[in-house]
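A.B. asks: What follows is a structure written as structure tokens; I'll ask about it next.
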Amino acid sequence: MKALLFQGKEIAVVNIQKGDIRDETKALQAIIGGYIECIRIADDAMMLVDEDGYCKCLMPNLAASAFAGQVILGTALVVGLAENADGELYFTDFPKRYGFGAKENA
24 MKALLFQGKE
34 IAVVNIQKGD
44 IRDETKALQA
54 IIGGYIECIR
64 IADDAMMLVD
74 EDGYCKCLMP
84 NLAASAFAGQ
94 VILGTALVVG
104 LAENADGELY
114 FTDFPKRYGF
124 GAKENA
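With positions in the sequence shown counted from 1, the corresponding number in the numbering used here is that position plus 23.
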């Protein structure tokens with residue numbers, strides 16, 4: 024799955040290994056730096072941030088904050104949302120309209 028990473032002054036496209044939900048969650052938590060809080064930014068997109076950003080006194084992420092329209096602390100990821108046949112939402116590649124100017128990371 025491709026995600027849009029907001030880290031420091033960098034905005035990049037990163038690949039997240041898809042697979043077992045536990046492995047995917049651990050990979051996302053490793054990038055974010057803790058437990059995941061989901062912020063819905065569009066019908067088809069979600070921003071993932073560190074749930075404990077305030078308690079950890081993380082620095083404001085200005086690019087992610089401008090993108091989300093609210094204060095975001097620490098690293099943030101934007102992923103896409105899709106719906107399966109049962110109406111359940113799952114993460115997918117981020118919507119391409121958000122990837123302008125982002126560099127591709129392996």
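Idealized CB from N, CA, C, for every residue including glycine.
Would you report the Cα separation of Ala86 and Asp109, rounded to the nearest angstrom?
C.D. replies: The residue given as residue 86 occupies position 63 in the sequence shown. The residue given as residue 109 occupies position 86 in the sequence shown. Cα-Cα distance, rounded: 35 Å.
A.B. asks: Within its chain, find whatever has a CB closer than 8 Å to the CB of Gln52; leave out the 5 residues flanking it on each side and keep chain order.
C.D. replies: The residue given as residue 52 occupies position 29 in the sequence shown. Cβ neighbours of Gln52 beyond the five flanking positions: Tyr58, Ile59.
A.B. asks: Identify the continuous beta strand (DSSP E) that holds Ile59 and give its terminal residues.
C.D. replies: Taking the sequence shown and counting its residues from 1, one reaches residue 59 at position 36. Ile59 -> beta strand (DSSP E) spans 59-65.
A.B. asks: Using DSSP's beta-bridge definition, name the partner residues of Ile34.
C.D. replies: Locating residue 34 in the sequence shown gives position 11, where the first residue counts as 1. Paired residues: Phe29.
A.B. asks: Assign Asp73 to buried or exposed, taking buried as 16 or more other Cβ atoms, counted over all protein chains shown, within 10 Å of its Cβ.
C.D. replies: Numbered from its first residue, the sequence shown carries residue 73 at position 50. Under this definition Asp73 is a buried residue.
A.B. asks: Which residue's Cα is closest to the Cα of Glu47: Ile34, Met24, Asp67, Leu81?
C.D. replies: Residue numbering aside, residue 47 sits at position 24 when the sequence shown is read from its first letter. Taking only the C-alpha atoms, the option nearest Glu47 is Met24.
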